[in-house]
Every structure is written in C-alpha cells, then in structure tokens.
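**Q** What follows is a structure written as structure tokens; I'll ask about it next.
There are 2 protein chains.
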Amino acid sequence: MLVRTNQTSRRPNDDHLAALAGERVSSSEFKYRKGTELFGEGDEPEYVYQIIFGAVRTYRLLSDGRRQINSFHLPGDMFGLENGDAHRFSAEALVETRVRIMRQRSLLGSMADRAGGTKDLLRLVTQTLQHAENHMLLLGRKTALERVAAFLLEMDERQSRPKVMDLPMSRRDIADYLGLTETVSRELSALRDADLLRFVGTTQRQLSLPNRDGLARYDA
Amino acid sequence: MLVRTNQTSRRPNDDHLAALAGERVSSSEFKYRKGTELFGEGDEPEYVYQIIFGAVRTYRLLSDGRRQINSFHLPGDMFGLENGDAHRFSAEALVETRVRIMRQRSLLGSMADRAGGTKDLLRLVTQTLQHAENHMLLLGRKTALERVAAFLLEMDERQSRPKVMDLPMSRRDIADYLGLTETVSRELSALRDADLLRFVGTTQRQLSLPNRDGLARYDA
DNA sequence: CGTCGCGTTGACAAGGTTCAAATTTGGTGG
DNA sequence: CCACCAAATTTGAACCTTGTCAACGCGACG
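Chains as they are written, first to last, in the working numbering: chain A, 54 to 273; chain B, 54 to 273.
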C-alpha cells in the first residue's frame, strides 16, 4: 500500500507536487479507504498531499458538532501545507483515494532554494485564499438556490465540464460546504424540475448539466 | 497630504511594512477621508497599504448590491497585496484614515532578495487565509448571536482589550461582515440587556465588555 | 430477503429578513 | 452655542426562507 517513487518517474499528470519540489525530493503514494482521516485538526503537519484519484474533504468542527467544509479536493489538487505547527482543519477521504505525499520539510526546504520557489508557494497559498474569499461571499450573501447553482458550476468546471459529472460527496457534505441542510436536496430537485440538471442512471451522484448558461443565471 | 518618508525614519510602531521591505525601500503616507475608496475590485494593484490611524473595510459586491465585507483593518494592519494583476476586492476608509503606502513591485522585489523575505510574505498571506477560514466557519455555521459575540471578541482582541472599545464601522458594516442584517442591532441589545456589553456615553460605537468570559460562552 | 445508509419529500417550527416607524445621534450653518 | 436636518440605530410586526424532524423509498450489500 505504500509505494516509494521518485520525482524522476514523472508521469504526464503528476506535475504539480514534483514541479513545486524541484529535484531530488522523494515522494510516496498512499491509499485511503472511504471515510478515513488523512489528518486531523491540531495534528502536527507532516506531509503535503496531492490527489492521484479519489476525493477529500477538509473541514472544521464546532464543539457541538456543526461542521463547515472548507473545500473538496479532486485529482491533481494539493493540500495540507501548513505554515505553523498544527493543521488548522481535518481531512477525510470521501471515497477510496490515492495520494502522493511528500514531507513538508523537504518541500519547503527545496522550495526556498529553487529559483521561483517563492512564487510557486505564494501562488499555491493565494489560490486557496481566493477560493476562501469566494466562499465567504457565497456563505455570507447568497441564497440557497444560488449556493447550489454555484456549487454545481464549480464542480463542473473542476471536472473540466464533463458530459456526466460525478459527485463523490453526500448531500450532507454538500450542505456542510454550502452552509445549508436538507435544502440542498430541495434545490437540486427544483433545478431538475427546471431541466437545468438531469440525474444520470439510477444514482443521485451522477448528473449532467444540459444548460450551463441557464444554471449560471441562478448564481448571483 | 502626500508625505514622502524613508524607511530609516522608523518610529516605534511602524515596524511591519518597513520590516518586511528591508532596506532602501521608500514609502509614502497618504490620508483618506471617511467613505473614500483606496482601491476598487478589478483595479490594478499598485500599492501595499499599512494603516497608521483610522480603519478600512475590504469587501466584494454581488451584481445586485449585496455586499460581503472580508475584513476590517485597524492601525498596524497591512493589506492590498496581490499576486495577480487585479485587486480581488475593494477597500474603503471607514473613518478618516492615514496609511503608509509602498509600491507592490518594490516590496515584492526586495522581499525576494532579503533573507527570510519569503517566510515573511508567506506568513502574511497565511494570516489572511486563517482569518478567512475562521470566517467561513462563522458564516456557514454560527447563529446570529454567536456571530455578534465573536465579532465583539475579535474587535476587542485586536484593540488589545481596551477599557472602552471603539467601533469605527456602522451596524450595516457589521451586518455585511457577519452575513446578517438588522439582527446585529437586536443581538447587541440582547447582550446589553444581559450585561455582557455596555454602551459608553451617548454614542453606540463605543462600548465596554464587562464580562469577556461570559461573552465568550456565547461564541460556539 | 432483510437491513442499512442515503436521499427525497412533507409538515411544521424557527431564526432571521424586510419594511416601516420611532428615536437618537451627528453634522452644519447661522 | 443653538436649531435644524440628515443619517444611523433601534425596535416592532409580519413574513419568508431555511431548518428540523420524521416518514418513506430506493439501491447496495450481506
């Protein structure tokens, strides 16, 4: 289950981590089963992660169990990089997930050296910050319908607008991402009734967006 | 109104920007009247700002005018640093405000050179990101009362727990920060009735927190 | 074939919004 | 310094969106 590889064994699409790290930084691969934790809030940050296949949710909890999901990570995404000495959120596999991992120390060290490493790192953190800023606007000011539409468009885009989109997360996960509850189901049904989305097959986690522009009009 | 200074003229509390910049990077000062814009969403980022006195709100708008305030900036705070070629939000002075400004190019350039510049920059962006993550949790999952309590505690802490706290922003601003509306007034009144806050003098923008622990129990 | 987890849907409750009115505060000019 | 006007804040009342709770259905899996 643990496979040691090397940066030189670069395949077409594992650019990111390797590119960031520069040379001579070794990475491993690891697989997590559905629902298992990659790391928990408060843990000491040891690795940086990049998803090979599968999906991960990162989230924070309030003491009474209310949960806010910060982001969903899909293949290619990097996450888990921390500046301080503790993870600020938890990460769990949504489905069976394979990741490439690299020691934070190695990565940070090698980035400090490499020319342009600073910029790459800054870009990474900035991307996360931008996502957070967009999400604050959504959580603070958008209606339920707008949130769900925005979510669908986000996932669609991040999966490169496929014919059939796969949602690796439950309705509950979506709700905890969007700051809603059962409303997610209701709004999805409403969008289905308006023929802005179609469920594919029998499952409710595969769907298509027959009218992206129409859907986009529901996002403020 | 525009005063050219130099990094060498360092007074006790203008450490931040100067410290980040390192040597030989010149800064200016500038004053903005209440309500005026420092920069707008989409503008090309030219300067980095540090508040000397006053306060600033940064925010984004939806097309129909709904507003989400990302953050309030108080004396000492730095903001406006962008990686890309456009500001991702607008900034306005809440009250008469004096800022130190420095060209982004100069700052970024000198930070790339200076030893530890990377880390400083990363720390700055990471701080902003952490604030955003906390705020997502607040916007996504906290009740109105919890939000208002959290807001008061945040402002209290950032003003170093003064006897009398000054709020430079309107109720509307607070609401747009917390994702609420008139509820802010109601919850403030509720907290006043519970003697967890007291308005000072005749104004509604100065108040004291006679029982911070009690208040903290209202924040989840 | 039964059980379990997930999703949908309905009925109802509640928290928060909206709109408007009353009140207070702050600013301005005389 | 005072009077007056505009802006901000508080508060009330009705309403509405979303949350809560529960029932039901369906597919997956043992």
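Yeah, the Cβ is synthetic: ideal placement off N, Cα and C, and Gly gets one too. All of these numbers come straight from a predicted model, not from anything done at the bench.
List, in order along the chain, the chain B residues whose C-beta lies closer than 9 Å to that of N123 of chain A?
**A** Here residue 123 of chain A corresponds to residue number 70 of the first sequence, with the count starting at 1. Those are E186, M189, L190, listed as they occur along chain B.
**Q** Would you check if the distance between the CB atom of L182 of chain B and the CB atom of V178 of chain A is smaller than 8 Å?
**A** Position 129 of the second sequence, counted from the start, is the residue given in the question as residue 182 of chain B. Position 125 of the first sequence, counted from the start, is the residue given in the question as residue 178 of chain A. Going by C-beta atoms, L182 of chain B is nearer than 8 Å to V178 of chain A.
**Q** With three or more C-beta pairs closer than 8 Å as the rule, is the segment 137-145 of chain A touching the segment 209-224 of chain B?
**A** No: fewer than three Cβ pairs fall under 8 Å.
**Q** So, does the CB of S159 of chain B fall closer than 8 Å to a CB anywhere in chain A?
**A** Counted from its first residue, the second sequence places residue 159 of chain B at position 106. No - not a single Cβ of chain A is within 8 Å of the one on S159 of chain B.
**Q** Would you please state the rounded distance, in angstroms, between the beta carbons of L233 of chain B and R200 of chain B? I believe it to be under 8 Å.
**A** Counted from its first residue, the second sequence places residue 233 of chain B at position 180. Counted from its first residue, the second sequence places residue 200 of chain B at position 147. That pair is a contact at about 6 Å.
**Q** Quick one: which chain A residues come within Cβ less than 7 Å of V178 of chain B?
**A** As a position in the second sequence, residue 178 of chain B is number 125, starting the count at 1. Those within 7 Å of V178 of chain B in chain A are L175, V178, T179, L182.
**Q** Of the residues A:E90, A:S80, A:E97, A:T150, which one's Cα is nearest the Cα of A108 of chain A?
**A** The residue you call residue 108 of chain A lines up with position 55 of the first sequence. When each option's Cα is compared against that of A108 of chain A, the closest is A:T150.
**Q** At least one CB of chain B closer than 8 Å to the CB of R86 of chain A: is that the case?
**A** For the purposes of this step, residue 86 of chain A is taken as the residue at position 33 of the first sequence. For R86 of chain A, the answer is no, since every Cβ of chain B falls outside 8 Å of its Cβ.
**Q** Taking L117 of chain A as the query, report the chain B residues whose CB atoms sit under 8 Å from its CB, ordered along the chain.
**A** Working through the first sequence from its first residue, we reach residue 117 of chain A at position 64. Correcting the residue type first, residue 117 of chain A is Asp in the shown sequence and not Leu. By Cβ distance, chain B contributes A273.
**Q** Return yes when the Cβ of R176 of chain B is within less than 8 Å of the Cβ of E186 of chain A, no when it is not.
**A** What you label residue 186 of chain A is simply residue 133 of the first sequence in a count that begins at 1. What you label residue 176 of chain B is simply residue 123 of the second sequence in a count that begins at 1. Cβ distance not < 8 Å, so E186 of chain A and R176 of chain B don't count as in contact.
**Q** Using the Cβ count rule (16 or more neighbours within 10 Å means buried), how would you classify D229 of chain B?
**A** Taking the first residue of the second sequence as position 1, residue 229 of chain B is located at position 176. The residue is buried, with at least 16 neighbouring Cβ atoms inside 10 Å.
**Q** Hey, is N264 of chain B's beta-carbon within less than 8 Å of any beta-carbon in chain A?
**A** On the second sequence, residue 264 of chain B is found 211 positions in, with the first residue counted as 1. False, the Cβ-Cβ gap to chain A never drops below 8 Å.
**Q** Since L91 of chain A and L160 of chain A are thought to touch, with beta carbons under 8 Å apart, how far apart are those beta carbons, to the nearest angstrom?
**A** To locate residue 91 of chain A, count along the first sequence from 1; it is residue 38. To locate residue 160 of chain A, count along the first sequence from 1; it is residue 107. Between L160 of chain A and L91 of chain A the Cβ distance is about 16 Å, and since that is not below 8 Å, they are no contact.
**Q** Put A108 of chain A into one of helix, strand or coil per three-state DSSP.
**A** Taking the first sequence and counting its residues from 1, one reaches residue 108 of chain A at position 55. DSSP places A108 of chain A in coil when its eight states are reduced to three.
**Q** What are the boundary residues of the alpha helix (DSSP H) that includes Q157 of chain A?
**A** Along the first sequence, read from residue 1 onward, the residue named residue 157 of chain A stands at position 104. Start and end: 157-166.
**Q** In chain A, what lies closer than 8 Å to R232 of chain B by C-beta?
**A** The residue labelled residue 232 of chain B in the question sits at position 179 within the second sequence. A small fix is needed here, since residue 232 of chain B is Gly in this sequence, not Arg. Those within 8 Å of G232 of chain B in chain A are L192, G193, R194.
**Q** Name the residues in the segment 131-157 of chain B whose C-beta lies less than 9 Å from a C-beta of chain A; which are they?
**A** Within the segment 131-157 of chain B, the qualifying residues are E135, N136, G137, R141, F142.
**Q** What are the boundary residues of the alpha helix (DSSP H) that includes N82 of chain A?
**A** The residue you call residue 82 of chain A lines up with position 29 of the first sequence. The question names Asn, but residue 82 of chain A in the sequence shown is Glu. It is not in any alpha helix (DSSP H) - E82 of chain A instead sits in the beta strand (DSSP E) that spans 81-85.
**Q** Give, in chain order, every unbroken run of the beta strand (DSSP E) that is at least 3 residues long and sits entirely within the segment 197-249 of chain B.
**A** None, since the segment 197-249 of chain B contains no complete beta strand (DSSP E) of that length.
**Q** Can you name the start and end residues of the beta strand (DSSP E) that A146 of chain B belongs to?
**A** Taking the first residue of the second sequence as 1, we reach residue 146 of chain B at position 93. From DSSP, the beta strand (DSSP E) with A146 of chain B extends over 143-146.
**Q** Return the CA-CA distance between Y102 of chain A and G129 of chain A, expressed in angstroms with no decimal places.
**A** Stepping through the first sequence from its first residue, residue 102 of chain A is reached at position 49. Stepping through the first sequence from its first residue, residue 129 of chain A is reached at position 76. Roughly 10 Å separates the two Cα atoms.
**Q** Among B:R225, B:I227, B:I105, B:R119, whose alpha-carbon lies nearest the alpha-carbon of Y85 of chain B?
**A** For this step, residue 85 of chain B is matched to residue 32 along the second sequence. Ranking B:R225, B:I227, B:I105, B:R119 by Cα distance to Y85 of chain B puts B:I105 first.
**Q** Give a yes or no on whether the minimum CB-CB distance between R113 of chain B and chain A is below 8 Å.
**A** Along the second sequence, read from residue 1 onward, the residue named residue 113 of chain B stands at position 60. Cβ-Cβ to chain A under 8 Å: yes for R113 of chain B.
**Q** In the structure shown, what three-state DSSP assignment does E149 of chain B receive?
**A** Position 96 of the second sequence holds residue 149 of chain B. In this structure, E149 of chain B counts as coil in the three-state DSSP scheme.
**Q** What three-state label does DSSP hand E186 of chain B in the structure shown?
**A** Locating residue 186 of chain B in the second sequence gives position 133, where the first residue counts as 1. DSSP places E186 of chain B in helix when its eight states are reduced to three.
**Q** Give the DSSP-derived three-state secondary structure of R270 of chain A in the structure shown.
**A** As a working note, residue 270 of chain A is residue 217 in the first sequence. Helix, per DSSP.
**Q** Distance check for R265 of chain A and R113 of chain A, CA to CA, integer angstroms please.
**A** The count along the first sequence starts at 1 and reaches residue 113 of chain A at position 60. The count along the first sequence starts at 1 and reaches residue 265 of chain A at position 212. Cα to Cα, the separation comes out at about 31 Å.
**Q** 8 Å is my cut-off, CB to CB: does L70 of chain B come that close to chain A?
**A** The residue you call residue 70 of chain B lines up with position 17 of the second sequence. Not an interface residue.
**Q** Quick check: what's the CA-CA separation for V56 of chain B versus D173 of chain B?
**A** Translated into the one-based positions of the second sequence, residue 56 of chain B becomes position 3. Translated into the one-based positions of the second sequence, residue 173 of chain B becomes position 120. Low local confidence applies: a pLDDT of 48 at V56 of chain B is under 50, so the model's placement there is unreliable, with the coordinate-based value given in what follows. Their backbone Cα atoms lie some 26 Å apart in a straight line.
**Q** Check whether the Cβ atoms of L192 of chain B and E240 of chain B lie closer than 8 Å to each other.
**A** The residue you call residue 192 of chain B lines up with position 139 of the second sequence. The residue you call residue 240 of chain B lines up with position 187 of the second sequence. No, they are not a contact pair.
**Q** Please classify R113 of chain A: does DSSP put it in a helix, a strand, or coil?
**A** Taking the first residue of the first sequence as position 1, residue 113 of chain A is located at position 60. R113 of chain A: strand per DSSP, three-state reduction.
**Q** Please confirm whether M189 of chain A and Q180 of chain B have their CB atoms less than 8 Å apart.
**A** Position 136 of the first sequence holds residue 189 of chain A. Position 127 of the second sequence holds residue 180 of chain B. No; because the gap between Cβ atoms is not below 8 Å, this pair is not in contact.
**Q** Between the Cα of R225 of chain A and the Cα atoms of A:E94, A:P98, A:R258, A:L206, which residue gives the shortest distance?
**A** The residue labelled residue 225 of chain A in the question sits at position 172 within the first sequence. Minimum Cα distance to R225 of chain A is reached at A:R258.
**Q** For R153 of chain A versus E82 of chain A, is the C-beta spacing smaller than 8 Å?
**A** Counted from its first residue, the first sequence places residue 153 of chain A at position 100. Counted from its first residue, the first sequence places residue 82 of chain A at position 29. Cβ atoms of R153 of chain A and E82 of chain A: closer than 8 Å.
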